[in-house]
Amino acid sequence: MVPAQYYLVLSAAVFCIGIFGLLTRRNALLFLMSVELMLNAANINLVAFSYYWGNVTGQTFGLFVLALAAAEVAVGIGIILTLYRNFDDVDVMQATTMRW
Amino acid sequence: MVYETIAFALFALITVGCSLGVVLVRDIWHSALLLGGALLSVAVHYVMLQAEFVAAMQVLVYVGGVLILITFAVMLTRINPEVSST
Numbered sequence: 042m043v044p045a046q047y048y049l050v051l052s053a054a055v056f057c058i059g060i061f062g063l064l065t066r067r068n069a070l071l072f073l074m075s076v077e078l079m080l081n082a083a084n085i086n087l088v089a090f091s092y093y094w095g096n097v098t099g100q101t102f103g104l105f106v107l108a109l110a111a112a113e114v115a116v117g118i119g120i121i122l123t124l125y126r127n128f129d130d131v132d133v134m135q136a137t138t139m140r141w
Numbered sequence: 239m240v241y242e243t244i245a246f247a248l249f250a251l252i253t254v255g256c257s258l259g260v261v262l263v264r265d266i267w268h269s270a271l272l273l274g275g276a277l278l279s280v281a282v283h284y285v286m287l288q289a290e291f292v293a294a295m296q297v298l299v300y301v302g303g304v305l306i307l308i309t310f311a312v313m314l315t316r317i318n319p320e321v322s323s324t
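Protein chains in written order, with the numbering used here: chain A, 42 to 141; chain B, 239 to 324.
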């Protein structure tokens, strides 16, 4: 079996890529995709630990994370479409209505 | 043993490469397609970790649902690519 550290390194790499995308891009849709990448990194960790401990607790948590990601994308796409309708753009730097 | 390591390295390379493509490609539509590739290779990792149900749910929910929703958002908010990029 592949050592657990490999999966942890892979998960950390994907998580760092997600944070990089969140911090450098200004497109709101890229924000959504970067959050998806970070949730996938957490899911890799959960399933890998579930395999190495030999029970299904991690897989159950992974399924909950998956359902939460789907719900979060549905809500986020509603917010992004409202943003586009009000500002004619999906640039997060343009929407400054709630900034005081 | 060594085949598992080779398969893990190959699909880890695909996962990290597609993830880097998601955050680095200028066009939002191409990055949505690369996100689909990354999610599918993560599903392959789940199969290698003997979590077949989670892998099936990954393919069904992420690639079948989340990616379709992101595709709708991309098509509904089509704007000039050089304006939207960083």
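Backbone N, C-alpha and C fix where the C-beta goes; we use that ideal spot for every residue, glycine too.
- Among the residues facing chain B, alanine 53 of chain A is not included, as its CB has no counterpart in that chain under 7 Å away.
- Within its own chain, no residue has a Cβ closer than 7 Å to the Cβ of tyrosine 92 of chain A once the five positions on either side in sequence are excluded.
- Its chain contains Ala270 and Leu273 as the residues whose beta carbon lies nearer than 8 Å to that of isoleucine 308 of chain B, once the 5 sequence neighbours on both sides are disregarded; these appear in chain order.
- Using a Cβ-Cβ cut-off of 9 Å, isoleucine 85 of chain A is close to Thr253, Val280, His283, Tyr284 and Leu287 of chain B, given in chain order.
- By the beta-carbon neighbour count (other beta carbons within 10 angstroms, threshold 16), alanine 110 of chain A is buried.
- Collapsing the DSSP output to three states places asparagine 68 of chain A in a strand.
- Residue contact with chain B for isoleucine 60 of chain A: absent (no Cβ-Cβ distance below 7 Å to any residue of chain B).
- At least one CB of chain B lies nearer than 7 Å to the CB of alanine 89 of chain A.
- Within the region 270-304 of chain B, complete beta strand (DSSP E) segments of at least 3 residues are not found at all.
- Contacts with chain B at 7 Å (Cβ-Cβ) include alanine 111 of chain A.
- Listed along the chain, the chain B residues whose CB falls inside 7 Å of the CB of glycine 103 of chain A are Val292.
- Scanning A:Cys57, A:Glu113 and A:Ala136 for the CA closest to the CA of leucine 124 of chain A turns up A:Ala136.
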